[in-house]
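Step one of this worksheet: look at the structure below.
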Amino acid sequence: MNEEGIPLLQLVVLAIVQGITEFLPISSSAHLILVPVFTGWVDQGFALDVAMHIGTLLAVVLYFRRDVAMLLSGAIDVARRRTTPAARLALQIAVATLPVVIAGFLLKDRIENDWRSPVLIMVTTALFGVLLWIADRRADRSEGTVAGLSWRDAALIGAAQALALVPGVSRSGITMTTALLLGQRRPEAARFSLLLSIPTTAAAGFLGAMDLIGTQDAALRTDALIAGGLAFVSALAAIAGLMAWLRRASFTPFVIYRLLLAGILAAMLALGWLPPA
């Protein structure tokens, strides 16, 4: 155990859970809330959640390094008022990011304190799992690519992403679902979703990092570094696995998992084994 910090085992479990679930359409925030509920551990708090998100951010940047380089090139093209495919994609990512940044700023207190309920997670896990299943049924006939994404589509995906501030919705899940409904192929829907996670996670990470840097709690800073590093490793493996899976299969396993999790939560709540809030 780190001196006066969170036990090492808890940090390892949380980081692995965060890394695996962040880019799968099953809601990492819900799982981070449920881990202490199931284990009896003290809730790790928002600061450590953010540290682990920063670790997963570094993982997606590394995996999609060529796309990230293209986005940076596109940003330069935008500044120079050049019309290029890279500039178009960079602007679409920016447009799609705005809704969640605004909503996150306005709802920060609710996200940290009010939206960590097992009942809420149960409902959103089931509801948005069914929506993913509906969208996935259409994907077999889809031919859309990120390069052909319209401005309207980018804005709609961005608006949907703001819903993921509610635990259980899943940021990757709702953005992939929306992209599928708009005609994107499965790997392309995942690709745009993961690229979109970069500025979104960076914005949230910046706010959380300021709190961590300003804290006098040395144990918290140490815990954050350990959790972030472990989340980076597990996230990198999860991204590679997800992209390989979607090139040949569907989102059905994730839908089944979401419905099973919602069912387990419903049963535990009915039996009084979980607090409703």
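If you count by the working numbering, then the sequence shown holds residues 33 to 309, one letter each, in order. Glycine residues also receive a C-beta, built at the ideal position from the N, C-alpha and C atoms.
- State the beta-bridge partners of glutamine 216 as determined by DSSP. DSSP output for glutamine 216 lists Gly176 as bridge partner(s).
- Message: Restricting to Cα atoms, I'd like to know which of Asp172, Ile206, Phe264, Gln193 is closest to valine 162.
- Response: Selection Asp172, Ile206, Phe264, Gln193 evaluated against valine 162 yields Ile206 as nearest (Cα-Cα).
- Using the C-alpha atoms, what's the distance from glycine 215 back to aspartate 172? About 10 angstroms.
- Item | isoleucine 108 versus valine 132 - alpha carbon distance | Whole-angstrom Cα-Cα distance: 24 angstroms.
- Task: For my contact list, isoleucine 125 and proline 39 are in at a C-beta cut-off of 8 angstroms; report their separation, rounded to the angstrom.
- Result: Contact check for isoleucine 125 and proline 39: beta-carbon distance about 38 angstroms, past the 8 angstroms limit, so the pair fails to qualify.
- Taking C-beta to C-beta, are leucine 64 and valine 49 nearer than 8 angstroms? The beta carbons of leucine 64 and valine 49 sit closer together than 8 angstroms.
- Query: Does the Cβ of aspartate 75 have 16 or more other Cβ atoms within 10 Å, making it buried, or fewer, making it exposed?
  - Reply: It counts as exposed.
- Item | Option nearest phenylalanine 286 by Cα separation, candidates Gln42, Leu46, Ile58, Glu54 | Of all alpha-carbon atoms in Gln42, Leu46, Ile58, Glu54, the one lying nearest the alpha-carbon of phenylalanine 286 is that of Ile58.
- With DSSP as the reference, label tryptophan 183 as helix, strand or coil. Tryptophan 183: helix per DSSP, three-state reduction.
- Task: Over the uninterrupted alpha helix (DSSP H) stretch that includes methionine 168, give me the two end residues.
- Result: This sequence places aspartate at residue 168; methionine is not what is there. Counted as a single uninterrupted DSSP element, the alpha helix (DSSP H) harbouring aspartate 168 occupies residues 150-170.
- Query: Would you call methionine 208 buried or exposed, if buried means 16 or more other Cβ atoms sit within 10 Å of its Cβ?
  - Reply: With 16 or more Cβ atoms within 10 Å of its Cβ, methionine 208 is classed as buried.
- Check each candidate in Arg279, Leu306, Leu252, Thr129 and name the one with the smallest Cα separation from phenylalanine 78. Its Cα nearest to that of phenylalanine 78, the residue Leu252 stands out among Arg279, Leu306, Leu252, Thr129.
- How about proline 199 and alanine 62: do their beta carbons lie closer than 8 angstroms? In this structure, alanine 62 lies closer than 8 angstroms to proline 199 by Cβ.
- valine 174 to leucine 212 span [Cα, whole Å]: What sits at residue 174 in the sequence shown is serine, not valine. Spanning the two alpha carbons is a distance of roughly 8 angstroms.
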